[in-house]
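Engineer:
There are 2 protein chains.
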Amino acid sequence: MARTPLRSDLAEEITTRVLDGRLPAGARVNEVHLARELGVSRTPLREALIGLADRGLLVSAPGRGFLVPPFDPDEARRLYPLVAELEALALRWTSPLELAGLPDALDAVADEMAGTLERGGDLSEVDDRWHGLLLSRCPNPHLLRLIGQTKPLLKRYESCYFGGAARAGESIGEHRRIAAALRDGDLPTASAVLVRNWVKALAYLGKDER
Amino acid sequence: MARTPLRSDLAEEITTRVLDGRLPAGARVNEVHLARELGVSRTPLREALIGLADRGLLVSAPGRGFLVPPFDPDEARRLYPLVAELEALALRWTSPLELAGLPDALDAVADEMAGTLERGGDLSEVDDRWHGLLLSRCPNPHLLRLIGQTKPLLKRYESCYFGGAARAGESIGEHRRIAAALRDGDLPTASAVLVRNWVKALAYLGKDER
DNA sequence: TAGGTCCTTTCTGTATGCAATACTGCGAAC
DNA sequence: GTTCGCAGTATTGCATACAGAAAGGACCTA
Chain A
79 MARTPLRSDL
89 AEEITTRVLD
99 GRLPAGARVN
109 EVHLARELGV
119 SRTPLREALI
129 GLADRGLLVS
139 APGRGFLVPP
149 FDPDEARRLY
159 PLVAELEALA
169 LRWTSPLELA
179 GLPDALDAVA
189 DEMAGTLERG
199 GDLSEVDDRW
209 HGLLLSRCPN
219 PHLLRLIGQT
229 KPLLKRYESC
239 YFGGAARAGE
249 SIGEHRRIAA
259 ALRDGDLPTA
269 SAVLVRNWVK
279 ALAYLGKDER
Chain B
79 MARTPLRSDL
89 AEEITTRVLD
99 GRLPAGARVN
109 EVHLARELGV
119 SRTPLREALI
129 GLADRGLLVS
139 APGRGFLVPP
149 FDPDEARRLY
159 PLVAELEALA
169 LRWTSPLELA
179 GLPDALDAVA
189 DEMAGTLERG
199 GDLSEVDDRW
209 HGLLLSRCPN
219 PHLLRLIGQT
229 KPLLKRYESC
239 YFGGAARAGE
249 SIGEHRRIAA
259 ALRDGDLPTA
269 SAVLVRNWVK
279 ALAYLGKDER
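Protein sequences, first through last, are from chains A and B.
So for the first sequence, the working numbering puts the first residue at 79; every next one is plus one.
So for the second sequence, the working numbering puts the first residue at 79; every next one is plus one.
1. Suppose you measure from the CA of alanine 243 of chain A to the CA of aspartate 189 of chain A; what does that come to, to the nearest Å?
2. Compare the beta carbon distance of leucine 88 of chain A and leucine 123 of chain A with 8 Å and say whether it is the shorter of the two.
3. Can you pull the DSSP bridge partners for glycine 247 of chain A?
4. Under a Cβ-count criterion, where at least 16 other Cβ atoms within 10 Å of its own Cβ denotes burial, should glutamate 187 of chain B be classed as buried or exposed?
5. What residues of chain A sit near proline 140 of chain B, judged by a beta carbon separation below 7 Å?
6. Just the C-alpha distance for glutamine 227 of chain B and leucine 224 of chain A, rounded to the nearest angstrom, thanks.
7. Taking Cβ positions only, does leucine 128 of chain A come closer than 8 Å to chain B?
8. Could you name the residues of the same chain whose beta carbon sits closer than 8 Å to that of alanine 279 of chain B, not counting the 5 residues immediately before and after it, in chain order?
9. When the Cβ atoms of the stretch 127–145 of chain B are set against those of the stretch 249–261 of chain B, are three or more pairs found closer than 8 Å?
10. Would you report the Cα separation of lysine 232 of chain B and proline 181 of chain B, rounded to the nearest angstrom?
11. Count the other CB atoms within 10 Å of the CB of valine 277 of chain A; is the residue buried (16 or more) or exposed (fewer)?
12. Can you tell which of B/Gly198, B/Asp264 and B/Ser202 has its C-alpha closest to the C-alpha of threonine 172 of chain B?
13. Can you tell me which of the three DSSP states valine 137 of chain B falls into?
14. Could you name the residues of chain B that arginine 223 of chain A contacts, counting a contact when the two beta carbons are closer than 7 Å?
15. Quick one: residues in its chain with C-beta nearer than 6 Å to the C-beta of alanine 289 of chain B, no 5 flanking neighbours on either side, listed in chain order?
16. Would you check if the distance between the CB atom of asparagine 218 of chain A and the CB atom of arginine 207 of chain B is smaller than 8 Å?
17. Measure from the alpha carbon of glutamate 153 of chain B to the alpha carbon of each residue in B/Lys229, B/Pro266 and B/Leu260, then state which is nearest.
18. Taking 8 Å as the CB-CB cut-off, is arginine 95 of chain B touching chain A?
19. Can you name, in chain order, every residue of its own chain whose Cβ lies under 7 Å from the Cβ of aspartate 205 of chain B, other than the five neighbours on each side?
20. Figure out for me which residue from B/Asn275, B/Thr194, B/Val96 and B/Leu84 has the closest Cα to the Cα of glycine 134 of chain B.
21. I need the straight-line Cα distance from glycine 104 of chain B to glycine 117 of chain B, nearest angstrom please.
22. Ordered along the chain, which non-local residues of its own chain (more than five positions away) have a Cβ less than 6 Å from that of alanine 178 of chain B?
23. Give a yes or no on whether the minimum CB-CB distance between leucine 101 of chain A and chain B is below 8 Å.
24. Find the nearest neighbour of glycine 141 of chain A within the set B/Asp185, B/Leu160 and B/Thr82, judged by alpha-carbon distance.
25. Any C-beta of chain A within less than 8 Å: which residues of the stretch 197–219 of chain B qualify?
26. Does DSSP classify valine 107 of chain A as helix, strand or coil?
27. Have a look at the DSSP bridge pairing and note the partners of glycine 145 of chain B.
28. Reducing DSSP to helix, strand and coil, say where valine 118 of chain A ends up.
29. Where does alanine 259 of chain A land, buried or exposed, given buried means 16+ other C-beta within 10 angstroms?
30. Between which two residues does the alpha helix (DSSP H) harbouring glutamate 153 of chain A extend?
31. Could you tell me which of A/Ala166, A/Pro147 and A/Gly247 sits nearest to glycine 25 of chain A, measuring between CA atoms?
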């Protein structure tokens, strides 16, 4: 018996397929085909699908199985502020002592982001690391769980966002300002810039939405 | 084929069993026994269990199945403020126009609570209706989903809370003050009282924790 | 040709079966 | 007396099997 349940690996794989569009928005998920393609039986696959549906990454249509929810600009407009507020809350609930150790590490990741931007690499992954680090000291696991559940939904809309290098540079600057504010112990500013960072991302997203 | 998947009904039933203690904290869930008792096969039961584990109402121990998480005072201390902030956020994101129609209905439910309190009935259900009504106009379904996921976790700790009639009366008063603030269009006060309502509940909870 | 009905096929939802692991109790060794 | 080891049982995790509902298409009707 594997130490990690099969359904966890499957959920991860399916999540990436939804995010990169191999499971396109609006498409139905064929359990038999997907199970065969992944080399597993339907049972653990369905277990993974149910978990993802509970998180909102899929929707369950009774009698018709699961399908990838269609893109909805309204949904994006609601997800970005939601993640923004949740992250800000996590930041407020992190003890100043714990926060004190973070700015240097945060700036190191921000440097990495800048390098990745020049090389034209994948910023999304580094950005995730930065935010993950920012919240890593938050003592409320349930809040972190909610954030972890919500971010993938948002990432579906993110593809266009990181397309613009101008915005990416701006975003990196905001990240540095957050780290600077934390260094000064100025939590309100850090939290405000954090929220603005997310909201601005949404604004750029709206621009080249298809 | 039933219009509602079996797993949904099962999830509901299991949730109530966890909340009322028929599935006690720390206990392992025996899939065969429970399936037999509920008159279903293990497959939809497992699907329900997995969904509940994703929401945190159960925990999955690889190779050992599912178990009801033990009570943890720290967890309660983190859940109450979390639900408080989430509800306050939902309130802030509801349009004032929509809110205007609520206070009368809210007070009606508050009256019901007072009546139930005198009769010594179950306040929890009425309280849920009140909060559900308060958030019913919030336009962000994802936030509502997070709240809906988190509240059951909190309700496990709530049993002792409603035991004290004094606190119950105080809480009803706070509910009325929230409705009054909404009537005045004073959202900050409404939101502040709402948060305090939850935090006070936590304070009382701590008192007669076993 | 448009629409409707019946039939076939496909797929989901649920049940059952199987193999491997985790638990339990007992006995033996120290 | 305690602890380790082992056998037997119980239970999970995954695979497969089956029944009934949807989807799709052919045929008939108007």
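Ideal Cβ positions, reconstructed from N, Cα and C, are used throughout, including at glycine.
Structural biologist: This is what the structure gives:
1. Here residue 243 of chain A refers to the residue found at position 165 of the first sequence. Here residue 189 of chain A refers to the residue found at position 111 of the first sequence. Whole-angstrom Cα-Cα distance: 15 Å.
2. Sequence index remark: in the first sequence, residue 88 of chain A carries index 10 (1-based). Sequence index remark: in the first sequence, residue 123 of chain A carries index 45 (1-based). Yes. Within cutoff.
3. For this step, residue 247 of chain A is matched to residue 169 along the first sequence. Partner(s): none; glycine 247 of chain A has no beta bridge.
4. Stepping through the second sequence from its first residue, residue 187 of chain B is reached at position 109. Inspection of the sequence shows that residue 187 of chain B is occupied by valine rather than by glutamate. That one is buried.
5. For this step, residue 140 of chain B is matched to residue 62 along the second sequence. Here the neighbours are Arg81, Thr82 and Pro83.
6. Taking the second sequence and counting its residues from 1, the one referred to as residue 227 of chain B is at position 149. Taking the first sequence and counting its residues from 1, the one referred to as residue 224 of chain A is at position 146. The C-alpha of leucine 224 of chain A is placed about 9 Å away from the C-alpha of glutamine 227 of chain B.
7. Within the first sequence, residue 128 of chain A is the residue found at index 50, counting from 1. Strictly speaking, residue 128 of chain A in this sequence is isoleucine, with leucine absent from that position. True, the Cβ-Cβ gap to chain B drops below 8 Å.
8. Looking up residue 279 of chain B in the second sequence gives position 201. If we look at alanine 279 of chain B and ignore the five residues flanking it on each side, its Cβ neighbours are Tyr158, Glu236, Tyr239, Arg245 and Ser249.
9. no
10. Along the second sequence, one-based indexing puts residue 232 of chain B at 154. Along the second sequence, one-based indexing puts residue 181 of chain B at 103. Note on residue identity: the sequence assigns leucine, not lysine, to residue 232 of chain B. Rounded to whole angstroms, leucine 232 of chain B to proline 181 of chain B spans 25 Å at the Cα level.
11. Residue numbering aside, residue 277 of chain A sits at position 199 when the first sequence is read from its first letter. It counts as exposed.
12. Within the second sequence, residue 172 of chain B is the residue found at index 94, counting from 1. The residue with the shortest Cα to Cα distance from threonine 172 of chain B is B/Asp264.
13. The count along the second sequence starts at 1 and reaches residue 137 of chain B at position 59. Three-state DSSP puts valine 137 of chain B in a strand.
14. In the first sequence, the residue the question calls residue 223 of chain A occupies position 145. Ordered by position in chain B, the residues that pass the 7 Å Cβ test against arginine 223 of chain A are Gly134.
15. The structure shown has nothing for residue 289 of chain B, since chain B only spans 79 to 288.
16. As a working mapping, residue 218 of chain A is identified with position 140 in the first sequence. As a working mapping, residue 207 of chain B is identified with position 129 in the second sequence. No, they are not a contact pair.
17. Here residue 153 of chain B corresponds to residue number 75 of the second sequence, with the count starting at 1. Looking at the Cα atoms, B/Lys229 is the closest of the given residues.
18. Here residue 95 of chain B is taken as the residue at index 17 of the second sequence, counted from 1. Answer no: the Cβ-Cβ gap between arginine 95 of chain B and chain A never drops below 8 Å.
19. Counting from 1 along the second sequence, the entry for residue 205 of chain B is found at position 127. So the qualifying residues of the chain are Met191.
20. Residue mapping note: residue 134 of chain B aligns to position 56 of the second sequence, counting from 1. Answer by Cα proximity: B/Val96.
21. Working through the second sequence from its first residue, we reach residue 104 of chain B at position 26. Working through the second sequence from its first residue, we reach residue 117 of chain B at position 39. Looking at the two C-alpha atoms, the distance is approximately 24 Å.
22. Translated into the one-based positions of the second sequence, residue 178 of chain B becomes position 100. No residues qualify anywhere along the chain.
23. For this step, residue 101 of chain A is matched to residue 23 along the first sequence. Chain B contact via Cβ: absent.
24. Taking the first sequence and counting its residues from 1, one reaches residue 141 of chain A at position 63. Here the closest residue by C-alpha is B/Thr82.
25. Pro217, Asn218 and Pro219
26. The residue given as residue 107 of chain A occupies position 29 in the first sequence. Strand at valine 107 of chain A.
27. Translated into the one-based positions of the second sequence, residue 145 of chain B becomes position 67. Per the sequence shown, the amino acid found at residue 145 of chain B is leucine instead of glycine. B/Arg106 and B/Val137, per the DSSP bridge assignment.
28. What you label residue 118 of chain A is simply residue 40 of the first sequence in a count that begins at 1. Correct three-state label for valine 118 of chain A: coil.
29. Taking the first sequence and counting its residues from 1, the one referred to as residue 259 of chain A is at position 181. Answer is buried; the Cβ neighbour count reaches 16.
30. For this step, residue 153 of chain A is matched to residue 75 along the first sequence. Here the alpha helix (DSSP H) through glutamate 153 of chain A covers 151–170.
31. Absent from the structure is residue 25 of chain A, since the part of chain A shown begins at 79 and ends at 288.
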